[in-house]
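Let me begin by presenting the structure, written as structure tokens, before commenting on it.
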């Protein structure tokens with residue numbers, strides 16, 4: 001399982017992407033995902049939202065053991081300051097312990113990610129942000 005992580009510390013968003021076509025068929029596959037995600041969190045020190053690109057996720061085993069491992073993984077990361085999570089690229093229904101959407105914009109909207117306005121260089125007034 002090859003995952004790519006991109007951290008946006010300013011907006012407190014962790015982007016996760018499956019780099020190659022992946023199948024989740026056993027508990028050990030879920031454990032590999034969890035281990036890599038945990039490694040990516042070593043540089044985080046605040047609550048965050050996760051946006052997961054699941055377009056390369058080919059299939060998820062519907063067995064009780066895999067579903068239980070996935071829900072345990074979600075519960076584990078909820079304890080590690082995960083505020084919200086959603087996936088995009090395809091819809092998996094109840095196979096994953098978080099909501100999935102067809103497009104990245106729908107997934108981002110679901111977890112409350114706002115688009116920032118592009119700043120125009122040279123005008124200091126445009127660099128002042130109110131949040």
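Numbering (the working numbering), first residue to last: 1 to 131. Glycine residues also receive a C-beta, built at the ideal position from the N, C-alpha and C atoms. The structure presented is a predicted model; accordingly, all values stated were derived computationally and were not measured.
Beta carbon of residue i nearer than 8 angstroms to that of residue j
{"i": "residue 60", "j": "residue 86", "result": "no"}
{"i": "residue 84", "j": "residue 109", "result": "no"}
{"i": "residue 3", "j": "residue 17", "result": "yes"}
{"i": "residue 100", "j": "residue 92", "result": "yes"}
{"i": "residue 19", "j": "residue 56", "result": "yes"}
{"i": "residue 21", "j": "residue 58", "result": "yes"}
Residue i to residue j span [Cα, whole Å]
{"i": "residue 65", "j": "residue 46", "result": "31 angstroms"}
{"i": "residue 71", "j": "residue 6", "result": "23 angstroms"}
{"i": "residue 94", "j": "residue 130", "result": "38 angstroms"}
{"i": "residue 113", "j": "residue 37", "result": "20 angstroms"}
{"i": "residue 44", "j": "residue 62", "result": "32 angstroms"}
{"i": "residue 215", "j": "residue 75", "result": "Given a span of 1 to 131 for the chain in the structure shown, any question on residue 215 remains unanswerable."}
{"i": "residue 42", "j": "residue 12", "result": "14 angstroms"}
{"i": "residue 9", "j": "residue 25", "result": "32 angstroms"}
{"i": "residue 88", "j": "residue 35", "result": "21 angstroms"}
{"i": "residue 27", "j": "residue 69", "result": "6 angstroms"}
{"i": "residue 115", "j": "residue 106", "result": "12 angstroms"}
{"i": "residue 39", "j": "residue 90", "result": "26 angstroms"}
{"i": "residue 81", "j": "residue 52", "result": "16 angstroms"}
{"i": "residue 1", "j": "residue 79", "result": "24 angstroms"}
Where residue i falls: helix, strand or coil (DSSP)
{"i": "residue 58", "result": "strand"}
{"i": "residue 77", "result": "helix"}
{"i": "residue 23", "result": "strand"}
Bridge-paired residues (DSSP) for residue i
{"i": "residue 48", "result": "82"}
{"i": "residue 13", "result": "8, 49"}
{"i": "residue 87", "result": "52, 100"}
{"i": "residue 130", "result": "According to DSSP, which records beta bridges pairwise, residue 130 is partnered with nothing at all."}
Per-residue burial, residue i [other beta carbons within 10 Å of its own, 16 or more giving buried]
{"i": "residue 128", "result": "exposed"}
{"i": "residue 77", "result": "buried"}
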